[in-house]
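Below is one structure; the comments refer to it alone.
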């Protein structure tokens, strides 16, 4: 069972998400938080596998709550899927920097929400290459290297792999593009994450764009 914690300051939104999550046989809601501070507290007490985190909440916003969860060694296995209105919310990149494993638009279809929870809980990042490129193009008007460092220390092959990760390809697709086995592609991704100190693939995307290795809309 995937243990899900819901964090949103709107009661009706939480209730709707809770009903949806509980309708899935492989998921259960272990807690609901109305503030970022409550989300951090419940993540620690309920040992959720995944937090569905709204960005805009009182007391402590979803970005800071995500940062606290990601920085807590006792919560190393907890994944965060952040919610955004997308067209108006320009804090999503900061949420990814803070340690979120992906983002989801609030008006997403119910089946897509459940699929997103399964994807992130399984250790993958939820990043759609088109929206991600457009979003980063809007927000990163002045590129700067993140705290994880840039890709200068990577091998040529690792830089190729990082570029494909940033464009939204999974390990199988990367393997096909580069003529590798899926296991070798996965090993490259893991090694890159270790070298850059990245928590997951979402942070690799940020590194690739902020360093200029990949540019929005570029080939």
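Residue numbers (my numbering): 6 to 224. Cβ coordinates follow ideal geometry from the N, Cα and C atoms, glycine included.
Item, Value
"Length-filtered (4 minimum) alpha helix (DSSP H) runs lying within the stretch 37 to 85", "41 to 51 and 67 to 76"
"Closest residue to residue 170 among 160, 185, 157 and 208 (Cα-Cα distance)", "208"
"For residue 97 and residue 197, the rounded distance between their alpha carbons", "23 Å"
"Beta-ladder partner(s) of residue 33, from DSSP", "8"
"Inter-residue CB distance, residue 1 and residue 43 (contact presumed, cutoff 8 Å)", "The shown model of the chain, from 6 to 224, leaves out residue 1, and the question about it has no answer."
"Buried versus exposed call for residue 203 [16 or more other C-beta atoms within 10 Å across all chains shown]", "buried"
"Range covered by the alpha helix (DSSP H) that runs through residue 199", "187 to 201"
"Cross-strand partners of residue 89 (DSSP beta bridge)", "110"
"As assigned by DSSP and simplified to three states, the class of residue 217", "coil"
"Inter-stretch contact at 8 Å, needing at least 3 Cβ pairs: the stretch 48 to 57 / the stretch 82 to 89", "yes"
"Span separating the alpha-carbon of residue 126 from that of residue 48", "14 Å"
"Proximal residues to residue 219 (C-beta, below 6 Å), its chain only, five neighbours per side dropped", "168, 171 and 213"
"Contacts around residue 153, its chain only, beta-carbon distance under 7 Å, and the 5 residues preceding and following it disregarded", "With a pLDDT of 48 at residue 153, under the threshold of 50, the modelled position of this residue cannot be trusted, and the question is left open."
"Closest Cα partner of residue 105 within the set 113, 188 and 87", "87"
"Three-way DSSP call (helix, strand, coil) for residue 149 in this model", "In this predicted model, residue 149 has a pLDDT of only 48, less than 50, meaning its place in the structure is not dependable; the value taken from the coordinates is given anyway. Reduced to three states, the DSSP call for residue 149 is coil."
"Where the alpha helix (DSSP H) through residue 3 begins and ends", "The question about residue 3 has no answer here: the residues shown for the chain are numbered 6 through 224."
"Helix, strand or coil at residue 158 [DSSP, three-state]", "helix"
"Chain-order list of residues whose beta-carbon lies under 8 Å from that of residue 186 (same chain, five-residue window excluded)", "180"
"For residue 117, the three-state DSSP class (helix, strand or coil)", "helix"
"9 Å Cβ cutoff met for residue 119 and residue 26", "yes"
"Exposure label - residue 58; buried when at least 16 CB within 10 Å", "buried"
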